[in-house]
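One structure is given below, encoded as structure tokens.
Numbering (the working numbering), first residue to last: 6 to 630.
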């Protein structure tokens, strides 16, 4: 074959190499529109279209409803009265302030603050604020410990800060039930010590603690990274000029930590505002947030009202996420390098016992151990502890017996386990290519890459229940395309929902790895005639293979633990997953008040999740907001 023949063979390959990446981006965008933007868009349309006409009346009705917005409704219904109402409340609050003198000092200050109508949105924001405060209070000492001290196991402890992102939230809720419930491990210990019992079930306190379990590690991770880059020379200069350690921290260290702290707090607020499984399992409708009430509306087939709630919630979450992205971008451009401060030895002989800071960290470590390890250990113990307090395998035997039960509504564990594993693999088929394409666009896309990345990572800012509602209305109920009704339900719909939730985690792992590659190597390959696609396939992807595998493990773990959309889309035994089965076992105490079957199922889920975490940790996986 001559030169012309070789040219005919080569040209299609070069054409494919030249246009493969743009086509990959277009295909990814088309898939994202089909499985995310279009379904979520239908929810928004459902909220503002009535009888074929655009209207904001449904939104106004919800915002003016005291059940939803409480006292804030007056801003919409009677704005002229707001100053007077605020003034009256302040007068009542000041009038209730007093001091009760005691024989022993100091005096007690009491303040009976007049009640405020929160409404559903107000309560959701209130619990998110409390959860954010608790997460910051618990996470900051951990950041100080990891950033300023060297000790055995420090690297492993830092790796554990990503663990909450791969732990299924419904499983964590079962752990908190097993530890803090009326018949939980904590009350067993208190009873053995002759102390009174505590009952945190269906209280705001247990919800805040569970949210702190998830988000305090996020605070620790972000603030640790900032603390390790604090310029030691500025601190030494302040000390040389006579500043005390406290003054140097306040004037030099704290301003450098504040951006990371505010970023962590804002992210925590968004996550806890959108929290669903934890509030559902630990608070129920008694302490319902917007997300839980939205789920209840869908269950009652009040889809129009659910769409309005979802639209308002999505607008709030997107607004908060936009503020976070703007703030983070500004801080990223303002960051500068500096000489990091050396870490000190945590254990320093007998002097450790005389150091109040180190002793305080020891007390903190014990408290954190109880909060973070206690629930996981409790669910394992409860799964093998019988009603009489002895060892038992009855709950696991119960799960096995469920396999042969033919009663309607029976949740069989084996199909749930199999479905979770199969759905996880199916999620990888969609999520990994999508995540890689988004990473390539973000790093190598040139002009507009930032906008493209923002568009393609939007699922992180939209709640799973809203996504599930959109998929329910479009894929499951069916969509008319060219005169034919396309219906996608069951396992396929669940895998699609999982891919939407999982692919941003692939992106978050692959993007930093691609950014760190030597561009001279890539330019050399291009100068030798390699197309952009060949450079990606032959050079870049092999070099970032560990990051791709870590992102894949993240995506698999997200799929295994996904609950928010799955609980809406799962149909019968063919699409139940482990988290959905676990929620059913919580609600159906087949062996009396014991959580045994639920804890047994949760232990199985914990084992699968732990395996995913080990893969992530071994491959250097990361999750950075």
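Cβ atoms here follow ideal geometry from the backbone N, Cα and C, with glycine treated the same way.
Here the structure is a predicted model, which means the values were calculated and not measured.
In or out: residue 424 buried (at least 16 other Cβ within 10 Å) or exposed? Counting from one through the chain shown, the residue named residue 424 turns up at place 419. Per the 10 Å Cβ criterion, buried.
Supposed contact pair residue 257 and residue 243 - C-beta distance, whole angstroms, cut 8 angstroms: On the chain shown, position 238 is the one that residue 243 refers to. On the chain shown, position 252 is the one that residue 257 refers to. With a contact defined as Cβ atoms closer than 8 angstroms, residue 243 and residue 257 qualify at about 5 angstroms.
Taking DSSP as the reference, what is the three-state secondary structure of residue 595? Position 590 of the chain shown holds residue 595. Because residue 595 carries a pLDDT of 46, less than 50, the predicted location of this residue cannot be relied on, and no value is offered for it.
I'd like to confirm the pairing. Which residues does DSSP put opposite residue 350 in its beta bridges? Walking along the chain shown from the start, residue 350 turns up at place 345. According to DSSP, which records beta bridges pairwise, residue 350 is partnered with 155.
Where residue 467 falls, given that 16 or more other Cβ within 10 Å makes a residue buried: Mapped onto the chain shown, residue 467 falls at position 462. The residue in question, residue 467, is buried, as its Cβ has 16 or more Cβ neighbours within 10 Å.
Apart from the five residues on each side of it in sequence, which residues of its chain come closer than 6 angstroms, Cβ to Cβ, to residue 379? For the purposes of this step, residue 379 is taken as residue 374 along the chain shown, with counting starting at 1. Cβ neighbours of residue 379 beyond the five flanking positions: 184.
Since residue 491 sits in a beta bridge, which residues does DSSP pair it with? Taking the chain shown and counting its residues from 1, one reaches residue 491 at position 486. Residue 491 has 484 as its beta-bridge partners, per DSSP.
Which residue's Cα is closest to the Cα of residue 291: 353, 225, 125? Translated into positions along the chain shown, residue 291 becomes position 286. With distances taken between Cα atoms, residue 291 lies closest to 125.
Inter-residue CB distance, residue 294 and residue 128 (contact presumed, cutoff 8 angstroms): The residue labelled residue 294 in the question sits at position 289 within the chain shown. The residue labelled residue 128 in the question sits at position 123 within the chain shown. Residue 294 to residue 128, Cβ: 7 angstroms. Contact.
Please return the same chain residues whose Cβ sits closer than 7 angstroms to the Cβ of residue 516, not counting the five positions on each side in sequence. For this step, residue 516 is matched to residue 511 along the chain shown. For residue 516, same chain residues with a beta-carbon under 7 angstroms away, outside a window of 5 residues either side, are 444, 447, 448 in chain order.
Quick test of your reading: residue 213 and residue 322, contact by CB under 8 angstroms. State the CB separation rounded to the nearest angstrom. By one-based count along the chain shown, residue 213 stands at place 208. By one-based count along the chain shown, residue 322 stands at place 317. Rounded to the nearest angstrom, the Cβ distance from residue 213 to residue 322 is 20 angstroms, too far for a contact under 8 angstroms.
My output table needs one value for residue 417: the three-state DSSP class, helix, strand or coil. Position 412 of the chain shown, counting from 1, holds the residue named residue 417. When secondary structure is reduced to three states using DSSP, residue 417 falls in the coil class, being assigned neither helix nor strand.
Is the stretch 44-58 close to the stretch 474-481, with three or more CB pairs under 8 angstroms? Three or more beta-carbon pairs drawn from the stretch 44-58 and the stretch 474-481 are found closer than 8 angstroms, and the two stretches are therefore classed as touching.
Leaving out five residues on either side along the sequence, give the residues of the same chain with a beta carbon under 8 angstroms from the beta carbon of residue 171. Against the chain shown, residue 171 aligns to sequence position 166. Apart from sequence neighbours up to five positions away, the residues of its chain that approach residue 171 with a beta-carbon distance below 8 angstroms are 559, 562, 563, 566, 614, 617, 618, 621, ordered along the chain.
Going by DSSP, what residue range makes up the alpha helix (DSSP H) through residue 73? Taking the chain shown and counting its residues from 1, one reaches residue 73 at position 68. Looking at the DSSP string, the run of the alpha helix (DSSP H) that includes residue 73 is 71-74.
Contact the stretch 401-411 vs the stretch 600-608: 3+ CB pairs below 8 angstroms: Taking 8 angstroms as the limit for Cβ pairs, the verdict is that the stretch 600-608 does touch the stretch 401-411.
In terms of residue numbering, what span does the alpha helix (DSSP H) encompassing residue 192 cover? Taking the chain shown and counting its residues from 1, one reaches residue 192 at position 187. For residue 192, the uninterrupted alpha helix (DSSP H) run begins and ends at 190-197, by DSSP.
Going by DSSP, name the residue or residues bridged to residue 54. In the chain shown, counting from the first residue as 1, residue 54 sits at position 49. Partner(s): 59.
With DSSP as the reference, label residue 396 as helix, strand or coil. In the chain shown, the residue the question calls residue 396 occupies position 391. Strand, per DSSP.
DSSP three-state label for residue 390, please. In the chain shown, the residue the question calls residue 390 occupies position 385. It is a strand residue.
Indicate the three-state DSSP secondary structure (helix, strand or coil) for residue 173 in the structure shown. Taking the first residue of the chain shown as 1, we reach residue 173 at position 168. Looking at residue 173 - three-state DSSP - the assignment turns out to be coil, as it is neither helix nor strand.
Grab the span of the alpha helix (DSSP H) containing residue 463 for me, first residue to last. Walking along the chain shown from the start, residue 463 turns up at place 458. From DSSP, residue 463 is part of no alpha helix (DSSP H); its letter is neither H nor E.
Collapsed DSSP secondary structure at residue 692 in the structure displayed: Limits of the chain in this structure are 6 at one end and 630 at the other, which puts residue 692 out of reach.
What is the C-beta distance between residue 569 and residue 282, in whole angstroms, given that I count them as a contact (C-beta under 8 angstroms)? Position 564 of the chain shown holds residue 569. Position 277 of the chain shown holds residue 282. Sure, about 7 angstroms apart at Cβ, within 8 angstroms.
Does DSSP put residue 304 in a helix, a strand or coil? For the purposes of this step, residue 304 is identified with residue 299 of the chain shown, where counting begins at 1. It is helical.
Based on Cα-Cα distance, which residue from 186, 73, 260 lies nearest to residue 287? Counting from 1 along the chain shown, the entry for residue 287 is found at position 282. Per the Cα distances, 186.
Where residue 132 falls, given that 16 or more other Cβ within 10 Å makes a residue buried: Position 127 of the chain shown holds residue 132. Buried, since its Cβ has 16 or more Cβ neighbours within 10 Å.
Measuring alpha carbon to alpha carbon, tell me which residue in 557, 505, 426 is nearest residue 612. Mapped onto the chain shown, residue 612 falls at position 607. Shortest Cα-Cα distance from residue 612 to any of 557, 505, 426 involves 426.
Is it buried or exposed, residue 456, if we count other Cβ atoms within 10 angstroms and call 16 or more buried? The sequence position of residue 456 within the chain shown is 451, counting from 1. When all chains shown are included, residue 456 counts as exposed.
Going by Cα to Cα distance, which pick from 203, 422, 309, 134 is closest to residue 657? This structure gives no information on residue 657, because the portion of the chain shown stretches from 6 to 630.
First through last residue of the alpha helix (DSSP H) which encompasses residue 557: Here residue 557 is taken as the residue at index 552 of the chain shown, counted from 1. From DSSP, the alpha helix (DSSP H) with residue 557 extends over 550-566.
Taking the alpha-carbon of residue 73 as reference, which of 298, 285, 154 has the nearest alpha-carbon? For the purposes of this step, residue 73 is taken as residue 68 along the chain shown, with counting starting at 1. When only C-alpha atoms are compared, the closest one is 298.
Going by the beta-carbon positions, is the gap between residue 169 and residue 222 smaller than 7 angstroms? Numbered from 1 along the chain shown, position 164 holds the residue referred to as residue 169. Numbered from 1 along the chain shown, position 217 holds the residue referred to as residue 222. Taking 7 angstroms as the cut-off, the beta carbon of residue 169 is found closer than this to the beta carbon of residue 222.
Could you check how far apart the C-beta atoms of residue 180 and residue 383 are, in whole angstroms? I think they sit under 8 angstroms. Residue mapping note: residue 180 aligns to position 175 of the chain shown, counting from 1. Residue mapping note: residue 383 aligns to position 378 of the chain shown, counting from 1. About 6 angstroms separates the two Cβ atoms, so the contact holds.
Only counting the same chain, and skipping five residues up and downstream in sequence, which positions put a Cβ closer than 6 angstroms to that of residue 300? As a working mapping, residue 300 is identified with position 295 in the chain shown. Cβ neighbours of residue 300 beyond the five flanking positions: 470.
Buried or exposed, going by whether 16 or more other CB atoms sit within 10 Å of the CB of residue 327? For the purposes of this step, residue 327 is identified with residue 322 of the chain shown, where counting begins at 1. Counting Cβ neighbours within 10 Å, residue 327 comes out exposed, since fewer than 16 surround it.
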